[in-house]
Structure formats: structure tokens, C-alpha cells
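Quick note, the sequence shown lines up with residues 2 to 279 if you use our numbering. Backbone N, C-alpha and C fix where the C-beta goes; we use that ideal spot for every residue, glycine too. Accompanying notes for the structure given below.
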Amino acid sequence: MMQVVDRSHWRGRCCVGTTWLWLTILLPVLFLTRPCRAEESENATENATEQAQEAQLLSHVRQLTFAGRRTGEGYFSADGQSIVFQSERDPQNPFYQIFRMDLELGDTERISPGIGKTTCAWIHPDNQRVLFASTHEDPNAQQKQKEELEFRASGQERRYSWDYDEHFEVYEYNGQTKAYRNLTQSPGYDAEGSYSPDGKLIAFASNRSAYGDTADPLTDADREILEQDLAYMMEIYLMNADGSNVRRLTHTRGYDGGPFFSPNGQQICWRRFSPNGA
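In C-alpha cells form, the structure reads like this:
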């Protein structure tokens with residue numbers, strides 16, 4: 002479910018921003034077995050139908066990334082000249098790292114530290130700073146990389162799922178100084194952040210209330226659910242771009258995440274999954 006909240010009463014007037022475009026980066030899939038001729042014919046018909054339906058919504062599709070095992074979460078800069086995305090492409094680290102691509106030249110630069118896991122990047126309107134979430138300060142980050150590499154080398158596979166690692170923090174990367182700044186420094190999963198169009202605010206998602214929030218104590222039922230699903234306590238938060246003045250915007254059990262500002266900066270939309278599936 003998509004939610005929208007008006008933030009006109011939170012702070013003063015914001016500058017009008019450039020309309021954002023969201024980019025889904027698709028990777029080719031390699032099939033290891035060849036279907037028989039009957040299956041080929043059936044699959045060709047199905048593919049043609051799917052492509053015809055897709056063409057009603059998408060046109061002039063161009064693949065931007067080719068490297069790595071998996072790539073996604075691509076977002077444009079405000080001027081449309083570059084994108085940030087996450088990709089698994091480092092042979093020494095099986096987890097996502099954050100990259101920025103110049104859309105005219107195709108030059109790609111890794112902007113995350115290269116250690117641990119990362120997700121959900123967003124470019125500041127000044128084009129110098131990039132927001133993203135990372136676990137690189139987790140003291141066990143490199144051990145987790147080693148264990149995951151060994152697991153994959155064994156030929157085993159696991160169903161893809163997001164683990165809501167409690168060591169995720171929201172960081173700001175400065176493209177001029179190459180420095181990283183931890184903006185959240187809170188127990189629990191802090192991620193899925195984006196800047197407001199004027200660059201003064203950050204909306205993000207967190208399950209920090211599951212880690213000792215006295216204002217919202219856990220019930221026995223909450224604890225039981227959290228053992229199976231850490232997304233159950235995900236809520237939307239707002240803070241200043243320097244990490245100060247953090248305030249919680251949602252207060253309902255279930256997953257609330259992926260907040261984005263409207264172009265005028267007065268509203269925030271996000272996704273929500275209720276425990277009952279509504």
C-alpha cells in the first residue's frame with residue numbers, strides 16, 4: 002500500500018525541486034537448460050505477449066549495467082546527469098555496494114567503503130553528497146562477508162530476502178572530501194533514506210523502536226513476531242540533513258519504509274505492509 006503524508010505543518014516553506022524519476026535496472030538472466038521445441042514455441046508466444054503488454058507502459062528501454070551478480074535500486078540525480086545504484090560486483094565482498102554512474106560518459110565509481118552491506122542511496126541536490134545505508138562499522142562485517150562467500154562457493158543457494166541487519170546506519174558521503182559521516186548512530190536497522198528537494202531534510206525508515214524505545218514498549222506478542230520478522234517494527238522518521246532533530250512520523254505496527262518527498266517538499270509517500278496483509 003502506498004501512503005502519503007502532508008508535512009506542510011512540520012517546518013517552513015521549501016523550495017520547489019526537480020521531478021524525480023525512478024529507475025529499475027534489469028539484468029539479463031542466463032538459462033542453463035535449453036527447452037524443447039514445443040516449449041520454445043510456447044515461451045516465444047508468451048514472451049511476445051508480455052513484450053506487447055510492456056510496450057504500453059515502457060519504450061526505448063536501455064540497459065545501463067552489465068557487471069556483477071545483481072544490481073538495483075537506481076535513482077537519478079536532480080539534474081538527471083547521473084544515477085546511484087547498488088550492485089554485487091566485488092569478488093571479495095558478496096554484498097551490495099553503492100556506485101555512481103555518469104550517464105553521458107558511462108564512468109562508474111564506487112562511493113561506499115567496500116566493506117559490509119549497503120543499500121538505498123540518494124544524491125543530494127548539490128550533486129556532491131550521497132546518502133546511503135551501510136554496515137561497514139559492524140565489527141563482524143568482514144567475517145560475515147567471508148561466511149557468505151564460503152556459502153556461495155559451496156554451491157548452496159538461499160531464497161532472496163532482506164535481513165534488516167541491526168548494524169545498518171544512514172551515512173552521508175562527501176564527494177569532495179571522500180569522507181563518510183554517520184547520521185543516525187542508533188541501535189537497529191536505519192536505512193531507506195532520501196533527501197528533500199532543498200536538501201535540508203532526510204526521510205528514512207527504521208526499526209529502532211524494537212531496540213528499547215521506552216515511549217513505545219514491546220508487548221509479548223510484539224517480541225514473538227519480531228523473532229520471525231524484523232520488518233514488523235519499521236517506521237518512518239524525519240531528521241535534519243545533519244542528523245539532528247529526529248522525529249518519528251508513523252506509529253503503527255507493520256512495515257513502513259521507502260519514504261520519498263514530493264517535488265515541492267511538502268509531502269512524503271512511502272510503502273506500507275500491514276500485519277494482516279491489508
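Helix, strand or coil: which one does DSSP assign to Ala49? Three-state result, Ala49: helix.
By the 10 Å Cβ neighbour count, where 16 or more other Cβ atoms means buried, how is Gln49 classified, buried or exposed? According to the sequence displayed, residue 49 carries Ala and not Gln. Exposed, by the Cβ-count rule.
Given Asn241, which residues of its chain have a CB within under 8 angstroms of its CB, disregarding the five upstream and five downstream residues? Cβ within range, chain order: Lys201, Leu202, Ile203.
Complete runs of the alpha helix (DSSP H) confined to the stretch 100-168 [at least 4 residues]: If we require 4 residues or more, the alpha helix (DSSP H) runs fully inside the stretch 100-168 come out as 142-154.
Please list the terminal residues of the continuous alpha helix (DSSP H) segment that includes Arg224. Where Arg224 is concerned, the enclosing alpha helix (DSSP H) stretches over 221-227.
Whole alpha helix (DSSP H) runs in the stretch 210-264 with 4 or more residues, listed along the chain? Fully enclosed alpha helix (DSSP H) runs of 4 or longer: 221-227.
Going by DSSP in three states, Gln93 sits in which element: helix, strand or coil? Gln93 sits in coil when the DSSP states are folded into three classes, being neither helix nor strand.
Buried or exposed for Ser135, please, with buried defined as at least 16 other CB atoms from any protein chain shown within 10 angstroms of its CB. Classification for Ser135: buried.
Let me check understanding here. Comparing Cα to Cα, which of Thr178, Val171, Glu51 lies closest to Glu193? Of the listed residues, the one whose Cα sits closest to Glu193 is Val171.
For Tyr212, which of Gln64, Met235, Gly266, Arg71 has the nearest alpha-carbon? It is Met235.
Mind checking Gln144: buried by the 16 CB within 10 Å criterion, or exposed? Label assigned to Gln144: exposed.
When you compare the stretch 122-139 with the stretch 166-183, are there three or more beta-carbon pairs, one atom per stretch, that lie closer than 8 angstroms? In short, these stretches touch, since the Cβ pair count reaches three.
Distance, Asn277 Cα to Thr109 Cα: Distance from the CA of Thr109 to the CA of Asn277, rounded to the nearest whole angstrom, comes to 42 angstroms.
Can Pro198 and Gly266 be called in contact, C-beta distance under 8 angstroms? Closer than 8 angstroms, so yes.
Quick check: the stretch 152-163 against the stretch 236-256, are at least 3 beta-carbon pairs closer than 8 angstroms? Segments in contact, no.
With DSSP as the reference, identify every bridge partner of Tyr174, one or two as the case may be. Answer is Val131, Tyr181.
Is the separation between the beta-carbon of Glu87 and that of Ala122 shorter than 8 angstroms? Residue identity check: residue 87 is Gln in the sequence provided, not Glu. Going by C-beta atoms, Gln87 is nearer than 8 angstroms to Ala122.
Are the beta-carbon atoms of Pro126 and Ala68 separated by less than 8 angstroms? Inclusion of Pro126 and Ala68 in the CB contact set at 8 angstroms is not warranted, their separation being larger than that value.
Proximity below 8 angstroms, CB of Ile99 to CB of Phe152: In this structure, Ile99 lies away from Phe152, with their beta-carbon atoms at least 8 angstroms apart.
Within this structure, are the beta carbons of Arg63 and Glu89 separated by less than 8 angstroms? Not a contact, by the Cβ cut-off of 8 angstroms.
Is Ala56 helix, strand or coil when you go by DSSP? It is helical.
Residue-chain proximity (Arg90, chain B), Cβ-Cβ < 8 angstroms: As a matter of chain content, chain B is missing from the structure shown, which is built from one protein chain.
From Pro188 to Leu231, what does the alpha carbon distance come to, in whole angstroms? Straight-line Cα distance between these residues: approximately 13 angstroms.
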